[in-house]
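Right, one structure below, let's go through it.
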Amino acid sequence: MSPLRVLILGGSAEASALARRLAGDARFAPVLSMAGRTKSPVLPPIPHRIGGFGGVDGLAGWLGDPGADLLVCATHPFAAQMRRHALEAASRTGKPLLIIERPCWRAVEGDRWTPVADMAAAARALGETPRRVLLTVGQKDLAPFAAAPQHAYTIRSIDPPAAASLPPGAEVISARPPFAKADERRLMQERGIEVVVTKNSGGNDAAAKLAAARALGLRVVMVERPPALDLVGVDAKEAADAAGAIAWLEARHEAASRLLRV
1 MSPLRVLILG GSAEASALAR RLAGDARFAP VLSMAGRTKS PVLPPIPHRI
51 GGFGGVDGLA GWLGDPGADL LVCATHPFAA QMRRHALEAA SRTGKPLLII
101 ERPCWRAVEG DRWTPVADMA AAARALGETP RRVLLTVGQK DLAPFAAAPQ
151 HAYTIRSIDP PAAASLPPGA EVISARPPFA KADERRLMQE RGIEVVVTKN
201 SGGNDAAAKL AAARALGLRV VMVERPPALD LVGVDAKEAA DAAGAIAWLE
251 ARHEAASRLL RV
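The opening position of the sequence shown corresponds to residue 1 in the numbering used here, with each subsequent residue numbered one higher.
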């Protein structure tokens, strides 16, 4: 049988891991789609495209031409709009969908977490008293913190944020995960960090900052994830990681092979 065509919506460590696992696997013809928000993305070992689809209509059109048999949504857990578009496009076209949903981080003994619903709530949770704050929320979510200029911010992101979006006097560190606990602890100590603000992205690449904050007794303002998608009534499943995605793809390939043998 012909290889199953797989469109992977990327933007996460799991997408990169899946691309590496599929490279050279003759059962599948994968394409990794990257949004293009990172200026110097790490290119995958499989065919790829960079840029958006133009909304649900564009994504649904791509699934039909050039075409895909299967859709894997491996976007960042906070890419809520892209995930909704993936679900709607898959529903419209009848393409099976897998969503990679890495587990959330969970507080353990010694953590001092303040859970909040969104970035505006995170900025409010810092309070009025000036604090030294490490922001690891990405470059697109800084506006609420610019409205709380009493704090001294150290902002870390893969690409430098636009200067106009920065809180007054903010320090910017451009760095790409993974990060080691010792390095995270050193960063916090050298900058005199009192509060860490982060999204509950889950995964291992960025978890060291939580261990470092725990060891130093620092407060963490944790922005919770958007609500999960409703998958009832659609041909959609979830997996926790690239290994789970491979298992789903292999099961789909085996099912297609059985149909040809009948």
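Where a beta carbon is used, it is the ideal one built from N, C-alpha and C, also for glycine.
Bear in mind the structure is a predicted one, so any value in this text is a computation, not a measurement.
Residues near residue i in its chain [Cβ-Cβ closer than 8 Å; skip 5 each side]
{"i": "residue 114", "result": "125, 219, 220, 221 and 222"}
{"i": "residue 165", "result": "139, 142, 143 and 146"}
{"i": "residue 108", "result": "214"}
Local conformation of residue i per DSSP, three classes
{"i": "residue 46", "result": "coil"}
{"i": "residue 199", "result": "strand"}
{"i": "residue 112", "result": "strand"}
{"i": "residue 96", "result": "coil"}
{"i": "residue 34", "result": "strand"}
{"i": "residue 7", "result": "strand"}
{"i": "residue 238", "result": "strand"}
{"i": "residue 16", "result": "helix"}
{"i": "residue 60", "result": "helix"}
{"i": "residue 29", "result": "strand"}
{"i": "residue 174", "result": "strand"}
{"i": "residue 102", "result": "coil"}
{"i": "residue 124", "result": "helix"}
{"i": "residue 252", "result": "helix"}
{"i": "residue 132", "result": "strand"}
{"i": "residue 52", "result": "coil"}
{"i": "residue 193", "result": "coil"}
Proximal residues to residue i (C-beta, below 7 Å), its chain only, five neighbours per side dropped
{"i": "residue 103", "result": "202 and 240"}
{"i": "residue 117", "result": "224"}
{"i": "residue 85", "result": "55, 56 and 59"}
{"i": "residue 26", "result": "3"}
{"i": "residue 161", "result": "139, 142, 155 and 172"}
{"i": "residue 119", "result": "137, 141, 144 and 223"}
Neighbourhood of residue i by C-beta, 6 Å cutoff - its chain only, sequence neighbours within 5 removed
{"i": "residue 266", "result": "Past the boundaries of the shown model lies residue 266; the chain is included only from 1 to 262, so the question cannot be answered."}
{"i": "residue 150", "result": "130"}
{"i": "residue 23", "result": "45 and 46"}
{"i": "residue 163", "result": "none"}
{"i": "residue 29", "result": "3 and 5"}
{"i": "residue 191", "result": "154"}
{"i": "residue 69", "result": "4 and 5"}
From the options, residue whose alpha carbon lies closest to that of residue i
{"i": "residue 156", "options": "168, 148 and 133", "result": "133"}
{"i": "residue 46", "options": "76, 59 and 6", "result": "6"}
{"i": "residue 101", "options": "152, 32, 247 and 76", "result": "76"}
{"i": "residue 8", "options": "254, 161 and 246", "result": "246"}
{"i": "residue 189", "options": "168, 207, 216 and 228", "result": "216"}
{"i": "residue 10", "options": "21, 41 and 74", "result": "74"}
- Item | the segment 46 to 59 in contact with the segment 140 to 147 per 3-pair CB rule at 8 Å | no
- Could you tell me which uninterrupted alpha helix (DSSP H) segments, each at least 4 residues in length, are contained entirely in the segment 203 to 234, listed from first to last along the chain? Entirely contained in the segment 203 to 234, the alpha helix (DSSP H) runs reaching 4 residues are, in chain order, 208 to 216.
- Task: Let me know the alpha helix (DSSP H) ranges lying completely inside the segment 135 to 172, each 4 residues or longer, listed in chain order.
- Result: With a minimum length of 4 residues, the unbroken runs of alpha helix (DSSP H) contained wholly in the segment 135 to 172 fall at 143 to 146.
- With contact counted as at least three CB pairs below 8 Å, one residue from each stretch, are the segment 90 to 101 and the segment 62 to 72 in contact? yes
- Would you check if the segment 13 to 26 and the segment 80 to 94 touch, i.e. whether three or more CB-CB distances between them fall below 8 Å? For the pair of segments examined, the segment 80 to 94 was found not to touch the segment 13 to 26: the number of CB pairs separated by less than 8 Å stays below three.
- Task: Evaluate the contact criterion for the segment 211 to 218 versus the segment 177 to 193: three or more CB pairs, one atom per stretch, below 8 Å.
- Result: The segment 177 to 193 and the segment 211 to 218 touch, with three or more beta-carbon pairs separated by less than 8 Å.
- Item | Sequence ranges, alpha helix (DSSP H) only - wholly within the segment 64 to 88, length at least 4 | none
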